[in-house]
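Each remark here refers to the structure printed beneath this line.
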């Protein structure tokens with residue numbers, strides 16, 4: 001009985017886990033932003049993109065579960081998204097630690113305003129969040145540092161999961 005259940009539901013485990021972890025990570029990011037008032041910089045926002053992509057791919061993998069090859073490829077693509085997220089997080093850690101300079105947009109808003117007055121209004125309305133400023137740390141570990149390890153582990157698991165749990 002257990003083997004039958006495992007054979008039937010195990011292929012759905014990786015996409016469900018990827019979706020729940022991605023949604024939980026994004027939920028935590030929004031909690032930190034809106035409840036704890038930790039405003040994100042541009043690189044922080046870029047670090048969220050792989051989680052959006054992985055959540056979407058995981059839903060698609062669940063919908064295509066009857067086509068095992070397609071769902072496995074989508075889980076592998078989630079791994080690629082998390083690997084890219086690891087790279088973005090490493091870059092952000094380097095900017096925070098002043099190992100290298102961040103992108104020009106890390107200083108604030110870069111918008112194509114129609115006039116100087118429009119640009120001034122945009123600049124005054126939006127707080128400037130620097131990418132090299134550390135707003136939160138626990139024992140010297142910043143959120144981008146946590147994201148480096150978290151995204152790397154998720155990428156590795158996404159590359160392992162299809163061959164272990166999604167066989168049919």
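Residue numbers (the numbering used here): 1 to 168. All C-beta atoms, glycine included, are put in the ideal place defined by N, C-alpha and C.
Can you list, in chain order, the residues of its chain with a C-beta nearer than 6 angstroms to that of residue 15? Leave out the 5 residues immediately preceding and following it. 58, 61 and 62
Ordered along the chain, which non-local residues of its own chain (more than five positions away) have a Cβ less than 8 angstroms from that of residue 115? none
Would residue 88 and residue 40 be called neighbours here (beta carbons separated by less than 9 angstroms)? no
Under three-state DSSP, which class holds residue 1? Summary for residue 1: the model assigns pLDDT 48, below 50, so the residue's position carries little reliability, and this model does not support an answer.
Using only alpha-carbon positions, find the residue among 91, 104 and 13 that is nearest to residue 129. 104
Would you mind stating whether residue 12 and residue 77 have Cβ atoms separated by less than 9 angstroms? no
Along the chain, where does the alpha helix (DSSP H) containing residue 47 start, and where does it finish? 42-63
Hey, is the segment 149-161 in contact with the segment 79-98, meaning 3+ C-beta pairs nearer than 8 angstroms? yes
Distance between beta carbons of residue 161 and residue 75, contact taken as under 8 angstroms: 6 angstroms
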